[in-house]
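Asker: Next up is a structure, given as structure tokens.
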Amino acid sequence: MEKTFQPADIETRWYQEWEASNYFAPQGGEQAYSIMIPPPNVTGSLHMGHGFQEAIMDALIRYHRMAGYNTLWQVGTDHAGIATQMVVERQLEAEGISRHELGREKFIEKVWEWKEQSGGTITRQLRRLGSSLDWSRERFTMDEGLSAAVQEVFIRLYEQGLIYRGKRLVNWDPVLHTAISDLEVISEEEQGHLWHFNYPLAGGEGHLTVATTRPETMLGDAAVAVHPKDERYAHLIGRSVELPLTGRQIPVIADDYVDREFGTGCVKITPAHDFNDYEMGKRHGLPLINILDDDAAIGGEAPAHYVGMDRYEARKQIVADLDALGLLDKIDEHTLKVPRGDRSGVVIEPYLTDQWYVDARELAKPAIAAVENGDIQFVPKQWENTYFAWMRDIQDWCISRQLWWGHRIPAWYDDNGKVYVGESEAAVRAEHQLADEMHLQQDDDVLDTWFSSALWTFSTLGWPEETEELKTFHPSSVLVTGFDIIFFWVARMIMMTLHFRKEVPFHTVYVHGLVRDGEGQKMSKSKGNVIDPIDLIDGIELEELVSKRTAGMMQPKLAAKIEKATRKQFPEGIGAYGTDALRFTYFSLASTGRDIKFDIGRIEGFRNFCNKIWNAARYVLMNCEGEDCGLDAELPVALSLADRWIVSKLQETEVEVARAIAAYRLDLASQALYEFIWNEYCDWYLELSKPVLWDEHADDAAKRGTRRTLIRVLETWLRLLHPMMPFITEEIWQTVAPLAGKSGPTIMLQPYPESDTGAMDSAANADIEWLKGVIVGVRNIRGEMNIPPGKALTVLLKNGNEEDQRRLAENAPYLRKLAKLEDIAWLEKTEEAPVAATALVGELEILVPMADLIDKEAELARLAREIEKLSNDLQRVQGKLNNSAFVDKAPAAVVEKEREKLQGLEQARQKLQEQEQRIRQM
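Oh and the sequence shown: position 503 is 503 in full-length UniProt numbering, straight run, nothing missing.
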């Protein structure tokens, strides 16, 4: 092994070896275990949430593969209709070409060209994360097999009356000219206005005042609504008001939806341009008056003199016109949620269009029952409530998109608008006996990307053919996903799979939190807090990082702000931490919480953990290579107390890890491994091995026992750790395995360790805990009294019992070596103790006589300087916390850090003051 751990030297080499050897493919086994990757967008690149999710899935797959399951992790990518079309359109625009000039067929050819040339970024990044996906089975939602499955599902649902075409309200992107899903709408608070208008009562004896954030929509008002129990307006229900600027009268209606405490208690109702109003309009039979066109300009049924105006231009004109009529009551500043398209960035309009829909209510019934009866379980369980809340009030699903890239809807229209659905135009003509001269036009729309991904668990395994893979790996074992797509993907997969396969798509839905920055803020390019996981693995120079974060920003002030923040946060760029350190950081954060704060300090700590592992392995190899490691059954082997203890602790760790993984608590599994490897094996057992291995008088059986324990325990915990840290464990295992009597081409196909209760040794555990307590007690005294670590000490013991005396007699060599003791002796109960620093282990008192160990006056002077420094720091932090401007304006996390700092400073000063007092008493 090299002297230092260099992850870049081993990661690519080992991944290429694993993939070339086809180790990721199913290896056989009686019980199947499968995970279908949530297909990332083919246009995309990995973000922190992807990295977190892929690491979890890979750990589960590697664990079950080693545990003997027939394991499949199905890989594939999503065609990402809107995102991909936008990328290619922008490329064409840079060349001065529009897709309409090319035509549909040529444009689709361009998209496929781009996919082949540039669409593999995310799959390369998945490899860098160590993801053990079965690449031989890679799928794409637009490949031939999946496209056939999508078409089959559409046709069947249409024939069953579960797909229909209708005019309803959708989220409309006026730039992309397509309907989009709720997931593609980002609503954030923005500053706006609330306009109050007076609508005259028909008959001329007064008015009603309504408030709106979108004045232009008043052209499409169909009613004014009040609460049925609002006494102020009860006498007006059933009356009409004059709708200004339109020449129309609209009714005053009563509906429980109205909040009578908000504003005037009167609400304008525009069913064709607001989702809530649309539902109220259906309840009251109100007309749908569309006043916009596809560009979100004024059109449709709006008064002629506004037609053609941009919506915001019309807004200004309408406000001015109402003001001129004396009908503008007032304008208030108002903070509101503004829905914007996540791709185009423009404000989305609720818009009435003809679209294709799935009757989701019918499909939802068995999907609800599957979770109610336990066929599908959510982890954590509380996410079932989110699922039920949406499913029990589900709306029909708009599945059509006004794009060219995607699965084109298999529907044809004749000149009279009659629709025919089938596999192809020829199939439609044959089935319906249509004459060749009859003109048919295929629907221009494509299917929502979520439609094809809803079929993901079974379409990737060869459906509609009944393949061996379907029989073996479906239903899949677990779906790993974020809570933000429970509605959009999880629920729809359950509905579709139950309908077409009559079985659940997966048995468990493991819902993880969303990765945020160290302050708990959402990661976004506009905030300048996005971290690319590959940058954490390979490192990135500061200037490149600044350029990456500010690329494409149209606002110079925002770019400058992000550059400044980046230089402050990463003055030297981001170091190369390696994949294993990043993965282990993810696992340490994989709790059941909703949000996950990613602190860069954690990955630094786990990079140190990798170094610790590397150095521990080098120590073991230096002491075991070329030596008798006790594998010859004919030679005697004697196990020391430390040997028996570390073997016992290994069994306990194996139990904890298995229990945590079964409960999807990878945070607890990683914590158990970290504690055992760093604290127990590296910090304690390796030190406890030295008195045996380095003692010239120790017998050969004892040395064989310690070497065997060193190498076997190391080999075992490398296998325990492998699902979480695949690269470093493989590299070390290749050298360690032969010494431990193991063989095989790779650690990833070795059996996962299982605990042996017979090897658990409570007596050894208790004795080592006592030994550790004494050693730590002496070490604490050294630190507190500033005694050099190389100075040999005399230690006196007092008030111990017979068990303490036995443990001292059996473990004196360990104590002398590890606590650096010159002498250790018992004080009789009647014997007066000298002036000494003390520590306790249970009732046992540990005394270190201070005579001749320290310069009393010099130590008091040093302590006085330290106490003064801490006092100054305390005063500074306390002053900041006493400043109301800081406490009120600073982020809560920053204030909390200052409070924690204050507490730490107070504790440190108190400890030094106590130490000062002890020295004065000498």
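All C-beta atoms in this analysis are idealised placements derived from N, C-alpha and C, irrespective of residue type, glycine included.
Once the 5 residues before and after K115 are set aside, which same chain residues still bring their CB inside 7 Å of it?
Answerer: Excluding positions up to five away in sequence, the list reads V42.
Asker: Expressed to the nearest angstrom, what Euclidean distance is found between the alpha-carbon atoms of A272 and P303?
Answerer: Approximately 16 Å between the Cα atoms of the pair.
Asker: If contacts are defined as beta-carbon pairs under 8 Å, then G341 and I331 qualify, I think. What distance do you get, rounded to the angstrom?
Answerer: Contact flag wrong, Cβ pair sits at about 27 Å.
Asker: Just to confirm the assignment: which complete beta strand (DSSP E) runs, minimum length 3, are found wholly within the segment 586-635?
Answerer: Fully enclosed beta strand (DSSP E) runs of 3 or longer: 595-597.
Asker: Per DSSP, Y357 is paired with what?
Answerer: For Y357, which the question treats as bridged, DSSP gives the partners Y164, C398.
Asker: Three or more C-beta pairs under 8 Å: does that hold for the segment 5-23 against the segment 738-746?
Answerer: Yes, the segment 5-23 touches the segment 738-746.
Asker: Based on Cα-Cα distance, which residue from A94, R128, D683, Y278 lies nearest to Q395?
Answerer: Checking every option, the nearest Cα to that of Q395 belongs to Y278.
Asker: Can you tell me which residues form a DSSP beta bridge with N70?
Answerer: Its beta-bridge partners are A32.
Asker: Decide if G630 is buried, meaning its Cβ has at least 16 other Cβ atoms within 10 Å, or exposed.
Answerer: Buried is the call here.
Asker: Given a cut-off of 8 Å, decide if M725 and D599 are closer than it, judged by their beta-carbon atoms.
Answerer: No, the Cβ-Cβ distance between D599 and M725 is not below 8 Å.
Asker: Are the beta-carbon atoms of Y69 and Y15 separated by less than 8 Å?
Answerer: No; because the gap between Cβ atoms is not below 8 Å, this pair is not in contact.
Asker: Using only alpha-carbon positions, find the residue among T585, K612, A590 that is nearest to R602.
Answerer: Per the Cα distances, T585.
Asker: Please classify Y577: does DSSP put it in a helix, a strand, or coil?
Answerer: Residue state, collapsed to three classes: coil.
Asker: I'd like to confirm the pairing. Which residues does DSSP put opposite A370 in its beta bridges?
Answerer: DSSP output for A370 lists no bridge partner at all.
Asker: Grouping DSSP H, G and I as helix and E and B as strand, with all else coil, what is E47?
Answerer: Note on identity: in this sequence residue 47 is His, with Glu being the wrong assignment. In this structure, H47 counts as coil in the three-state DSSP scheme.
Asker: Return the first residue and the last residue of the alpha helix (DSSP H) that E431 is part of.
Answerer: First-last of the alpha helix (DSSP H) with E431: 425-432.
Asker: Distance, Cα to Cα, P410 vs V504?
Answerer: Their Cα atoms are separated by approximately 27 Å.
Asker: Under three-state DSSP, which class holds F140?
Answerer: Three-state DSSP puts F140 in a strand.
Asker: So, does the segment 503-519 touch the segment 95-113, judging by three or more C-beta pairs under 8 Å?
Answerer: The segment 503-519 vs the segment 95-113: no contact.
Asker: In terms of DSSP beta bridges, what is T481 paired with?
Answerer: Answer by DSSP bridge pairing, in chain order: V511.
Asker: Under a Cβ-count criterion, where at least 16 other Cβ atoms within 10 Å of its own Cβ denotes burial, should A893 be classed as buried or exposed?
Answerer: Counting Cβ neighbours within 10 Å, A893 comes out exposed, since fewer than 16 surround it.
Asker: Roughly how many angstroms separate the alpha carbons of S526 and A551, rounded to a whole number?
Answerer: Between S526 and A551, the C-alpha separation is close to 11 Å.
Asker: Could you check whether L870 and R899 sit closer than 8 Å to each other, using their CB atoms as the reference points?
Answerer: The answer is no: Cβ separation not under 8 Å.
Asker: For Q217, which of helix, strand or coil comes out of DSSP?
Answerer: Reading off the sequence, residue 217 comes out as Thr, not Gln. It is helical.
Asker: To test your reading of the DSSP string, which unbroken alpha helix (DSSP H) runs of 4 or more residues are found completely within the UniProt domain "Valyl-tRNA synthetase tRNA-binding arm" (857-919)?
Answerer: DSSP runs (the alpha helix (DSSP H)) wholly in the UniProt domain "Valyl-tRNA synthetase tRNA-binding arm" (857-919): 884-889.
Asker: Can at least three beta-carbon pairs, one atom from the segment 40-57 and one from the segment 367-380, be found at a separation below 8 Å?
Answerer: Short answer: they don't touch.
Asker: If we require 3 or more residues per run, which beta strand (DSSP E) segments fall completely within the segment 241-294?
Answerer: As far as the segment 241-294 is concerned, its whole beta strand (DSSP E) runs of at least 3 residues are 248-254, 267-269.
Asker: Tell me the rounded alpha-carbon separation between F473 and G462.
Answerer: Using only the alpha carbons, I get a separation of about 11 Å.
Asker: Do you know how far the Cα of K106 is from the Cα of R99?
Answerer: Rounded to the nearest angstrom, the two C-alpha atoms are 8 Å apart.
Asker: Under 8 Å between the Cβ atoms of V226 and V241?
Answerer: It is not a contact, given that the beta carbons lie outside the stated cut-off.
Asker: Quick one: measure Cβ to Cβ for A179 and S453, integer angstroms, because I've assumed they're closer than 8 Å.
Answerer: Not really, about 17 Å apart at Cβ, beyond 8 Å.
Asker: Under a three-way DSSP split, which group does W463 fall into?
Answerer: Residue state, collapsed to three classes: coil.
Asker: Give the C-beta separation of A296 and P174 to the nearest angstrom, bearing in mind that I take them to be a contact with Cβ-Cβ under 8 Å.
Answerer: With 8 Å as the limit, A296 and P174 qualify as a contact, their Cβ atoms being about 4 Å apart.
Asker: Would you mind reading off the limits of the alpha helix (DSSP H) that contains Y312?
Answerer: That run of the alpha helix (DSSP H) goes 311-324.
Asker: Taking E784 as the reference, give the member of L720, W356, E914 with the closest Cα.
Answerer: Of the listed residues, the one whose Cα sits closest to E784 is E914.
Asker: Roughly how many angstroms separate the alpha carbons of T706 and I61, rounded to a whole number?
Answerer: If I take the Cα positions, the gap works out to 34 Å.
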